[in-house]
Amino acid sequence: MSKFRQITFILFSLLCTTFLYGQSKNYTLSGYIKDGATGESLIGATVYTAELKSGVVTNDYGFFSLTLPEGEYTVKSTYVGYNSFSKKIKLNENKKLNIELTGTKTELDEVLITGEREDANVTDVQMSTQKMDIETMLKIPALLGEVDVIKSIQLLPGVSSVGEGATGFNVRGGGIGQNLVLLDEAPVFNSSHLFGFFSVFNPDAVKDVKLIKGGIPAQYGGRISSILDVRMKDSSPEKLSINGGVGVIFSRLSVEAPIIKDKMSILVAGRRSYIDILAKPFLEEDLRSSKFNFWDLTAKVNYDLSEKNKIYLSAYWGRDNFGDAESFDSGWGNITSTFRWNHLFNDKLVLNTVAYLSNYDYNLNFRQNATDAFDWKSQIKTYSIKPEFTWYLGKNNTITMGAQSIYYDFSPGTTSAMSGGQELPPFELQNQFALENALYIGNDQKLSDKITLQYGLRWSSFTYLGPVTTYEYEEAAIPNTRRDPVENSERVYGDWEPVKTYFSLEPRLAIKYQLNEKSSIKASFTHMAQYIHLISNTSAASPLDVWSPSTNNIVPQRGEQYALGYFRNMKDNTFEFSTEVYYKPMRNLIDYINGADLLLNPYLEGDLLNSTGRAYGLEVYLRKKKGKYTGWLSYTLARSEQITEGINQSQYYPRRFDQAHNLTLSNFYELNDRWSFAANFSLISGTPTTFPTNQLQIQGYGIPHNVDDVRNNQRIPYYHRLDISATLKGKKKPNRRWEHYWIFGVYNTYARKNPYSIYFLPSDERPEQGKPAANEAIQFSVLANIIPSVSFNFKW
Numbered sequence: 001m002s003k004f005r006q007i008t009f010i011l012f013s014l015l016c017t018t019f020l021y022g023q024s025k026n027y028t029l030s031g032y033i034k035d036g037a038t039g040e041s042l043i044g045a046t047v048y049t050a051e052l053k054s055g056v057v058t059n060d061y062g063f064f065s066l067t068l069p070e071g072e073y074t075v076k077s078t079y080v081g082y083n084s085f086s087k088k089i090k091l092n093e094n095k096k097l098n099i100e101l102t103g104t105k106t107e108l109d110e111v112l113i114t115g116e117r118e119d120a121n122v123t124d125v126q127m128s129t130q131k132m133d134i135e136t137m138l139k140i141p142a143l144l145g146e147v148d149v150i151k152s153i154q155l156l157p158g159v160s161s162v163g164e165g166a167t168g169f170n171v172r173g174g175g176i177g178q179n180l181v182l183l184d185e186a187p188v189f190n191s192s193h194l195f196g197f198f199s200v201f202n203p204d205a206v207k208d209v210k211l212i213k214g215g216i217p218a219q220y221g222g223r224i225s226s227i228l229d230v231r232m233k234d235s236s237p238e239k240l241s242i243n244g245g246v247g248v249i250f251s252r253l254s255v256e257a258p259i260i261k262d263k264m265s266i267l268v269a270g271r272r273s274y275i276d277i278l279a280k281p282f283l284e285e286d287l288r289s290s291k292f293n294f295w296d297l298t299a300k301v302n303y304d305l306s307e308k309n310k311i312y313l314s315a316y317w318g319r320d321n322f323g324d325a326e327s328f329d330s331g332w333g334n335i336t337s338t339f340r341w342n343h344l345f346n347d348k349l350v351l352n353t354v355a356y357l358s359n360y361d362y363n364l365n366f367r368q369n370a371t372d373a374f375d376w377k378s379q380i381k382t383y384s385i386k387p388e389f390t391w392y393l394g395k396n397n398t399i400t401m402g403a404q405s406i407y408y409d410f411s412p413g414t415t416s417a418m419s420g421g422q423e424l425p426p427f428e429l430q431n432q433f434a435l436e437n438a439l440y441i442g443n444d445q446k447l448s449d450k451i452t453l454q455y456g457l458r459w460s461s462f463t464y465l466g467p468v469t470t471y472e473y474e475e476a477a478i479p480n481t482r483r484d485p486v487e488n489s490e491r492v493y494g495d496w497e498p499v500k501t502y503f504s505l506e507p508r509l510a511i512k513y514q515l516n517e518k519s520s521i522k523a524s525f526t527h528m529a530q531y532i533h534l535i536s537n538t539s540a541a542s543p544l545d546v547w548s549p550s551t552n553n554i555v556p557q558r559g560e561q562y563a564l565g566y567f568r569n570m571k572d573n574t575f576e577f578s579t580e581v582y583y584k585p586m587r588n589l590i591d592y593i594n595g596a597d598l599l600l601n602p603y604l605e606g607d608l609l610n611s612t613g614r615a616y617g618l619e620v621y622l623r624k625k626k627g628k629y630t631g632w633l634s635y636t637l638a639r640s641e642q643i644t645e646g647i648n649q650s651q652y653y654p655r656r657f658d659q660a661h662n663l664t665l666s667n668f669y670e671l672n673d674r675w676s677f678a679a680n681f682s683l684i685s686g687t688p689t690t691f692p693t694n695q696l697q698i699q700g701y702g703i704p705h706n707v708d709d710v711r712n713n714q715r716i717p718y719y720h721r722l723d724i725s726a727t728l729k730g731k732k733k734p735n736r737r738w739e740h741y742w743i744f745g746v747y748n749t750y751a752r753k754n755p756y757s758i759y760f761l762p763s764d765e766r767p768e769q770g771k772p773a774a775n776e777a778i779q780f781s782v783l784a785n786i787i788p789s790v791s792f793n794f795k796w
């Protein structure tokens with residue numbers, strides 16, 4: 001029996017044992033925990049008994065269920081940034097207890113990474129997971145003073161990007177297309193505005209951000225690197241609230257309002273950039289029609305139908321616009337809509353049903369004149385339904401089980417063109433359709449005071465569907481060359497006709513051993529399958545990159561991850577320390593032949609290669625959580641490599657986002673009630689790049705050439721940057737709800753010209769007679785100057 005089958009068998013046996021012996025004669029205390037001022041549910045709040053020193057945390061909807069033997073208990077609830085709650089309870093029957101916590105000024109002013117209990121990093125079984133709340137992100141120095149979710153998580157261990165302004169993020173040696181980014185459980189296929197300088201997430205609408213790098217629970221699937229789970233705020237059901245800000249590059253405004261007091265409320269948050277408007281007076285006449293902007297709108301409605309039924313409806317619309325009104329225009333954007341129904345069957349069983357729609361589209365238009373034009377449109381749509389049960393089986397077991405079905409509609413490209421005033425025949429790549437299904441079950445089980453397990457199984461299937469025309473491709477006579485379709489291999493499939501079906505069984509296992517009250521050891525194993533692929537051979541993805549399903553020629557990506565970590569808190573949880581090592585083998589990665597044609601290519605599959613990858617590393621994290629001075633240090637030592645037949649002499653070579661060293665230092669200092677200061681420093685290894693090994697002389701010109709056909713044989717110089725900021729809060733007046741504050745910042749304080757890429761061009765100098773023209777290396781830096789900023793923010 002293989003190791004993979006053995007792990008699957010063990011997990012299945014554990015689950016069966018849990019169902020057979022999980023019942024006990026106890027009583028259940030359950031309820032919701034909310035913010036006493038706004039009525040917003042609190043995710044990860046702790047409920048425990050002082051007598052037994054055991055407890056639970058609330059789920060994504062603020063619900064908890066605690067099963068205990070009959071008796072009298074002192075029930076306590078804590079949540080960082082709030083006053084603790086304590087109440088005597090006589091538990092002689094199943095009881096409801098809804099808790100409202102009130103915020104504390106001193107704790108809210110501190111820098112926090114998570115709203116969970118202070119020692120959650122040591123006591124929870126979950127590892128390789130980072131949470132960041134909005135209070136922390138507001139304090140981080142940012143480009144042009146604007147809070148950003150994606151840039152914030154890049155300060156954490158194991159997270160990186162390929163350079164300034166790069167789209168997306170990389171986690172533990174994975175590509176950006178291997179991260180599942182969720183906004184209220186709907187996938188977001190492009191998480192960036194303005195080519196990567198800002199994210200699509202409006203901080204005024206964000207409630208909770210969780211990044212899972214390893215030990216991924218069974219309810220998540222579809223990607224092999226990480227899960228970024230972003231949850232939107234619940235609007236206040238009690239009072240009207242307005243937040244906003246005016247910055248250098250964009251302004252934002254959010255409104256929360258009750259519709260039916262204490263039952264139904266709405267949140268609407270919007271942003272609009274105006275850098276192109278501000279720059280217009282300084283541009284040449286022929287550039288004044290240029291546009292370079294984005295906007296987004298986020299909305300959410302909460303409705304408490306009854307004590308046992310809650311409905312949530314959230315939506316996002318966002319778009320980027322770039323080009324010139326007369327000759328060139330492009331745009332891209334996301335639309336997501338999520339419906340969630342939360343039903344409480346009883347004190348122990350909860351059903352959460354999610355249905356969503358996600359649409360990502362982009363367009364590219366050229367207008368040379370009134371008679372010559374070219375238009376290109378593309379999009380990907382997904383539709384999903386996901387019912388999930390949470391069963392609080394006993395005081396030591398929490399079962400999560402559910403199913404999910406996702407329907408994909410890919411439109412790789414539709415073009416129309418006009419030449420000399422005459423319309424040319426339209427060109428359209430065939431749409432691609434697929435259906436992904438999954439069943440999963442998992443259990444959080446406490447075996448003893450020292451040992452806790454989290455384990456589960458996920459079974460998934462993926463079917464490539466018609467209508468579509470498929471081809472078989474010849475084996476390449478020479479590796480790393482284009483493969484042509486086999487003659488007469490063309491086959492036409494009708495609507496909903498299965499073309500190819502793949503199956504995966506994905507076991508998950510995590511274990512925590514509590515050494516003492518202050519420290520623990522954790523280990524995890526995760527197997528994941530990914531059925532859709534980001535087709536991009538650039539160093540950083542662009543809005544025009546293509547997504548493709550697994551087909552009869554493109555097989556699903558698969559990956560495992562093994563992780564081991566040590567976690568410790570010191571000085572009454574003032575300091576938090578953790579270190580983790582991981583190893584992640586990956587199979588069926590997408591690679592590309594030299595000169596691959598990825599855009600509007602009906603035979604794209606002939607330009608793709610199958611590759612094997614591996615990533616491994618060490619992560620160290622040290623954080624100070626209390627006091628006037630707070631902050632954290634993050635260091636990652638890692639490698640990410642891949643091997644493809646016919647490339648780099650069929651030897652392992654570093655992937656484009658491989659970074660050996662990644663050090664970040666985040667510092668925060670509260671001077672007094674009004675002034676606070678922050679500074680971030682980053683030092684990162686240069687990413688790999690391919691340089692020529694020699695040059696050819698052709699008619700007196702030196703042509704760069706890579707004689708060994710190696711990839712990523714050199715690295716660009718180290719990246720380092722210092723950012724600083726200061727926050728000034730307005731004076732608070734008694735009995736007034738109005739609050740405001742100013743943020744003054746400097747990005748890239750010492751004007752470091754960090755290279756994004758290096759390329760070669762012939763030198764402008766006249767060559768000596770009889771000698772070839774020299775080539776010179778050109779370093780491209782995206783942001784090479786000091787960038788000051790000021791923003792004004794308010795709340796009412």
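Just so you know, the numbering used here puts 323 at position 323 of the sequence shown, and the rest follows in order with no gaps. The beta carbon of each residue, even a glycine, is placed where N, CA and C say it ideally should be. In this text, all values refer to a predicted model and were calculated from it rather than measured experimentally.
Is there contact between the segment 521-535 and the segment 502-509, where contact requires at least three CB pairs shorter than 8 Å?
-> yes
Cβ shell of tyrosine 728 (< 7 Å), same chain only, five flanking positions each side left out | Walking along the sequence shown from the start, residue 728 turns up at place 728. Reading off the sequence shown, one finds leucine at residue 728, where the question assumed tyrosine. Closer than 7 Å at the Cβ level, and outside the excluded window around leucine 728, lie Arg674, Trp675, Tyr741 and Trp742.
Residues sharing a beta bridge with glycine 221, DSSP | Mapped onto the sequence shown, residue 221 falls at position 221. BP columns for glycine 221 are empty, so no partner.
Quick one: Cα of proline 387 to Cα of arginine 715, how far?
-> Sequence index remark: in the sequence shown, residue 387 carries index 387 (1-based). Sequence index remark: in the sequence shown, residue 715 carries index 715 (1-based). Rounded to whole angstroms, proline 387 to arginine 715 spans 47 Å at the Cα level.
Classify serine 84 as helix, strand or coil using the three-state DSSP reduction.
-> By 1-based counting over the sequence shown, the position of residue 84 is 84. If DSSP states are grouped into helix, strand and coil, serine 84 belongs with coil.
CB of arginine 711 within 7 Å of CB of tyrosine 653, strictly = As a first step, residue 711 is located in the sequence shown; it is residue number 711 there, counting from the start. As a first step, residue 653 is located in the sequence shown; it is residue number 653 there, counting from the start. For arginine 711 and tyrosine 653, yes; Cβs fall inside 7 Å.
CA-to-CA distance, tyrosine 316 to lysine 239, given in whole angstroms | Walking along the sequence shown from the start, residue 239 turns up at place 239. Walking along the sequence shown from the start, residue 316 turns up at place 316. Between lysine 239 and tyrosine 316, the C-alpha separation is close to 23 Å.
Does the distance from the CB of proline 141 to the CB of asparagine 680 come in under 7 Å?
-> The sequence position of residue 141 within the sequence shown is 141, counting from 1. The sequence position of residue 680 within the sequence shown is 680, counting from 1. Taking 7 Å as the Cβ cut-off, proline 141 and asparagine 680 qualify as a contacting pair.
In three-state DSSP terms, what is serine 236?
-> Position 236 of the sequence shown holds residue 236. Of the three classes helix, strand and coil, the one that applies to serine 236 here is coil, per DSSP.
Taking the alpha-carbon positions, what's the serine 30 to serine 448 distance?
-> For this step, residue 30 is matched to residue 30 along the sequence shown. For this step, residue 448 is matched to residue 448 along the sequence shown. Near 23 Å, if we compare the C-alpha coordinates of serine 448 and serine 30.
Kindly list the residues whose CB is nearer than 7 Å to the CB of aspartate 98, restricted to its own chain and excluding five residues on each side of it in sequence; keep chain order.
-> The residue given as residue 98 occupies position 98 in the sequence shown. For the sequence presented, residue 98 should be read as asparagine rather than aspartate. Excluding residues within five positions, the ones whose Cβ falls inside 7 Å are Gly31 and Tyr32.
Considering lysine 151, what are the terminal residues of the beta strand (DSSP E) in which it resides?
-> For the purposes of this step, residue 151 is taken as the residue at position 151 of the sequence shown. Note, lysine 151: premise wrong, no beta strand (DSSP E); alpha helix (DSSP H) at 149-153.
In chain order, which continuous runs of the beta strand (DSSP E) of length 3 or greater are located wholly inside the segment 406-448?
-> 422-428 and 432-446
Could you check what DSSP says for aspartate 204 in three-state terms: helix, strand or coil?
-> Within the sequence shown, the letter at position 204 stands for residue 204. Reduced to three states, the DSSP call for aspartate 204 is helix.
Using 10 angstroms around the beta-carbon of isoleucine 554, count the other beta-carbons present and answer buried if the total reaches 16, otherwise exposed.
-> Taking the first residue of the sequence shown as 1, we reach residue 554 at position 554. The residue is buried, with at least 16 neighbouring Cβ atoms inside 10 Å.
What is the DSSP secondary structure of valine 710, counted as helix, strand or coil?
-> The residue given as residue 710 occupies position 710 in the sequence shown. Coil at valine 710, not helix or strand.
DSSP on leucine 600, reduced to helix/strand/coil?
-> Counting from one through the sequence shown, the residue named residue 600 turns up at place 600. Of the three classes helix, strand and coil, the one that applies to leucine 600 here is coil, per DSSP.
Contact set for lysine 446: own chain, Cβ-Cβ below 6 Å, skip 5 residues either direction | Position 446 of the sequence shown, counted from the first residue, corresponds to residue 446. Asn396 and Thr452, listed in sequence order.
DSSP state of glutamate 776, grouped into three classes?
-> If you number the sequence shown from 1, residue 776 lands on position 776. Looking at glutamate 776 - three-state DSSP - the assignment turns out to be strand.
Looking only at DSSP bridge pairs, what is glycine 39 linked to?
-> Walking along the sequence shown from the start, residue 39 turns up at place 39. Paired residues: none, contrary to the question.
Is DSSP giving isoleucine 227 helix, strand or coil here?
-> The count along the sequence shown starts at 1 and reaches residue 227 at position 227. In the structure shown, isoleucine 227 sits in a strand (DSSP, three-state: E or B).
Using three-state DSSP, classify aspartate 607 as helix, strand or coil.
-> Stepping through the sequence shown from its first residue, residue 607 is reached at position 607. Looking at aspartate 607 - three-state DSSP - the assignment turns out to be helix.
Relative to the C-alpha of serine 519, which residue among Trp496, Asn202, Arg568 and Trp295 is closest?
-> Start at 1 with the first residue of the sequence shown, and residue 519 comes out as number 519. Minimum Cα distance to serine 519 is reached at Arg568.
Could you give the C-beta distance for glutamine 454 and valine 125, rounded to a whole number, given that I count them as a contact under 8 Å?
-> Here residue 454 is taken as the residue at index 454 of the sequence shown, counted from 1. Here residue 125 is taken as the residue at index 125 of the sequence shown, counted from 1. 5 Å between Cβ atoms; contact.
Please report the residue range of the beta strand (DSSP E) in which alanine 523 lies.
-> Your numbering for residue 523 matches position 523 in the sequence shown. Element bounds for alanine 523: 519-530.
Can you tell me which of the three DSSP states threonine 114 falls into?
-> Position 114 of the sequence shown, counted from the start, is the residue given in the question as residue 114. Any reading at threonine 114 must be qualified, since the residue scores a pLDDT of 39, below 50, and its modelled position is unreliable; no value is offered.
Contact the segment 415-424 vs the segment 66-80: 3+ CB pairs below 8 Å | no
Please list, in chain order, all residues of the same chain as glutamate 645 whose beta carbon is under 6 Å from its beta carbon, the five residues on each side excluded.
-> Translated into positions along the sequence shown, residue 645 becomes position 645. Around glutamate 645: Pro479.
Kindly indicate the opening and closing residues of the beta strand (DSSP E) around threonine 123.
-> Translated into the one-based positions of the sequence shown, residue 123 becomes position 123. Premise fails: threonine 123 lies in the alpha helix (DSSP H), 120-123, not in any beta strand (DSSP E).
Mind checking isoleucine 778: buried by the 16 CB within 10 Å criterion, or exposed?
-> Locating residue 778 in the sequence shown gives position 778, where the first residue counts as 1. So isoleucine 778 ends up on the exposed side.
Among residues of its own chain, excluding the 5 on either side of phenylalanine 195, which ones have a beta-carbon nearer than 7 Å to its beta-carbon?
-> Counted from its first residue, the sequence shown places residue 195 at position 195. Closer than 7 Å at the Cβ level, and outside the excluded window around phenylalanine 195, lie Gly165 and Thr167.
Distance between serine 161 and glutamine 154 (C-alpha atoms, nearest Å) | What you label residue 154 is simply residue 154 of the sequence shown in a count that begins at 1. What you label residue 161 is simply residue 161 of the sequence shown in a count that begins at 1. In a straight line, the C-alpha of glutamine 154 is about 7 Å away from that of serine 161.
In whole angstroms, what separates the C-alpha of phenylalanine 197 from that of isoleucine 150?
-> Working through the sequence shown from its first residue, we reach residue 197 at position 197. Working through the sequence shown from its first residue, we reach residue 150 at position 150. Rounded to whole angstroms, phenylalanine 197 to isoleucine 150 spans 9 Å at the Cα level.
Can you list, in chain order, the residues of its chain whose CB lies under 6 Å from that of lysine 381, leaving out five sequence neighbours each side?
-> Translated into positions along the sequence shown, residue 381 becomes position 381. Result list for lysine 381: Asn359 and Asp409, in chain order.
Beta-carbon proximity of glycine 214 to glutamine 642, cut-off 7 Å = In the sequence shown, counting from the first residue as 1, residue 214 sits at position 214. In the sequence shown, counting from the first residue as 1, residue 642 sits at position 642. Going by C-beta atoms, glycine 214 is not nearer than 7 Å to glutamine 642.
Inter-residue CB distance, serine 411 and glutamine 368 (contact presumed, cutoff 8 Å) | Stepping through the sequence shown from its first residue, residue 411 is reached at position 411. Stepping through the sequence shown from its first residue, residue 368 is reached at position 368. Contact flag wrong, Cβ pair sits at about 26 Å.
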